[in-house]
Amino acid sequence: MKLAFDIHTAKNYKSASQKVRVLTEQWVDNSIFCPNCGHLDIDRFPNNQPVADFYCSNCHEEYELKSKQNTLGMKIVDGAYHTMLTRLTSNNNPNFFLLNYDLTNLEVTNFLVIPKHFFVPEIIERRKPLAETARRAGWVGCNILLNYIPQTGKIFFVRNRREPREKVLAEWKKTLFLREEKKVSAKGWLLDVMRSVEKLGKREFTLDDVYIFENELSRLHPDNKHIKDKIRQQLQLLRDGGYLKFVGRGKYQLT
Ligand SMILES: [Zn+2]
Numbered sequence: 005m006k007l008a009f010d011i012h013t014a015k016n017y018k019s020a021s022q023k024v025r026v027l028t029e030q031w032v033d034n035s036i037f038c039p040n041c042g043h044l045d046i047d048r049f050p051n052n053q054p055v056a057d058f059y060c061s062n063c064h065e066e067y068e069l070k071s072k073q074n075t076l077g078m079k080i081v082d083g084a085y086h087t088m089l090t091r092l093t094s095n096n097n098p099n100f101f102l103l104n105y106d107l108t109n110l111e112v113t114n115f116l117v118i119p120k121h122f123f124v125p126e127i128i129e130r131r132k133p134l135a136e137t138a139r140r141a142g143w144v145g146c147n148i149l150l151n152y153i154p155q156t157g158k159i160f161f162v163r164n165r166r167e168p169r170e171k172v173l174a175e176w177k178k179t180l181f182l183r184e185e186k187k188v189s190a191k192g193w194l195l196d197v198m199r200s201v202e203k204l205g206k207r208e209f210t211l212d213d214v215y216i217f218e219n220e221l222s223r224l225h226p227d228n229k230h231i232k233d234k235i236r237q238q239l240q241l242l243r244d245g246g247y248l249k250f251v252g253r254g255k256y257q258l259t
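All you need for this note's numbering is the position in the sequence shown, starting with 1, plus 4.
Okay, structure coming up:
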């Protein structure tokens, strides 16, 4: 895969933001296959489509592209807060392509896809309304909190200029069971426990290991008085989805 942008495509654009948009869209169009079905050619929606930027003509998955200069960081600025929440609760949000570029060398440093089933209201942060003096005074945007998304939900085509993309299809498939959970509140729990398990950083772990996160999970879900029961239940759901297995006597193993 070529990491450099094809700068000729943007030569007729004057503003820097337009140039970046054209270069990044062109790069995705040329370089990225559909992470859901492997179809080599994903298509661009006509501009100004309200939600997504790309779609796969084979499996009909939709993708929104966001790009960010320099580092990936912890947050990505996105559009209107309320629109985002409505999309999440009605399950019609697209998958999310995140392109991170280096403007000095005009090339891609990171490119990842976050499957739409990792989007829950907890990862959306409300920004301050725009000031009275702004053209769109009072408008409220949002940030996507990348650090609240489990690592499993960040599937890299390019990572620090390297290309681990042969794993993309398998990694995508591994998380598809999350789509079966339609209620976003229930999914929030699943993702919280998934993130806790990842923090342990080991392939095999015990129930007691996960209970370490009891206080943290209790802060995230203050209404729940039975955190340990909930943890066990979520581990069962993660097992049913094939994300981990029980290996006996309160021991678990990531698959
Ligand atoms: Zn596809």
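Here a beta-carbon is modelled for each residue, glycine too, at the ideal position from N, C-alpha and C.
Alpha-carbon spacing of residue i relative to residue j, whole angstroms
i	j	result
asparagine 95	proline 125	12 Å
asparagine 16	valine 26	10 Å
proline 155	arginine 199	As written in the sequence, residue 155 is glutamine, which differs from the proline given in the question. Their Cα atoms are separated by approximately 7 Å.
leucine 7	leucine 150	23 Å
valine 172	glycine 157	11 Å
lysine 249	glycine 142	49 Å
asparagine 104	arginine 253	44 Å
aspartate 196	glutamate 202	10 Å
glutamate 184	lysine 23	39 Å
aspartate 33	glutamine 238	38 Å
threonine 210	isoleucine 216	11 Å
alanine 174	alanine 190	25 Å
leucine 176	proline 119	The residue you asked about is not leucine; residue 176 is tryptophan in the sequence shown. If you take the alpha carbons of tryptophan 176 and proline 119, they lie about 8 Å apart.
arginine 266	alanine 138	No information on residue 266 is available, as it lies outside the stretch 5 to 259 that the chain covers here.
lysine 18	aspartate 227	53 Å
aspartate 212	tyrosine 152	23 Å
leucine 110	valine 251	48 Å
arginine 243	lysine 255	12 Å
6 Å CB neighbourhood of residue i in its chain, flanking five on each side removed
i	result
serine 35	Met5
histidine 12	none
glycine 192	Val124 and Glu126
isoleucine 231	Glu218, Leu221 and Ser222
serine 61	Asp47
alanine 14	Lys23, Val26 and Leu27
glycine 245	Phe181
arginine 91	Asn97
DSSP-derived helix/strand/coil call for residue i
i	result
glycine 252	strand
glycine 246	coil
alanine 84	strand
glycine 42	coil
glutamate 136	coil
isoleucine 128	strand
serine 222	helix
glutamate 65	coil
phenylalanine 122	helix
tyrosine 59	strand
asparagine 151	helix
7 Å Cβ shell around residue i - same chain, five flanking residues per side excluded
i	result
isoleucine 148	Lys79, Ile80, Asp82, Ile127 and Ile128
leucine 134	Arg140, Ala141, Gly142 and Trp143
leucine 241	Leu194
leucine 44	Phe37
alanine 56	Phe49, Glu66, Tyr67, Glu68 and Pro98
lysine 234	Trp193 and Asn228
leucine 89	Pro125 and Ile128
Pair within 9 Å by beta-carbon distance, residue i and residue j
i	j	result
arginine 223	glutamine 257	no
phenylalanine 101	phenylalanine 160	no
histidine 121	leucine 180	yes
serine 2	threonine 28	This structure does not reach residue 2, given that the chain is present from 5 up to 259, and the question cannot be answered.
tryptophan 31	valine 117	no
asparagine 164	asparagine 114	yes
valine 214	leucine 204	yes
lysine 186	threonine 259	no
Identified DSSP bridge partners for residue i
i	result
leucine 76	Bridge partners of leucine 76: none, in fact.
cysteine 146	Asp82 and Arg130
valine 32	Bridge partners of valine 32: none, in fact.
phenylalanine 181	Answer is none; phenylalanine 181 lacks a bridge partner.
alanine 8	Glu111
asparagine 104	Lys72 and Asn114
glutamine 257	Glu208 and Lys249
Contacts around residue i, its chain only, beta-carbon distance under 8 Å, and the 5 residues preceding and following it disregarded
i	result
glutamate 136	Gly142
tyrosine 85	Ile128, Arg130, Arg131, Val144, Gly145 and Cys146
leucine 76	Leu102, Asn104, Asn114 and Leu150
arginine 236	Leu211
aspartate 10	Leu27, Gln30, Trp31 and Asn34
glutamate 167	Met5 and Phe161
Chain B contact for residue i (CB, 9 Å cutoff)
i	result
tryptophan 193	Absent from the structure is chain B; it holds one protein chain and no more.
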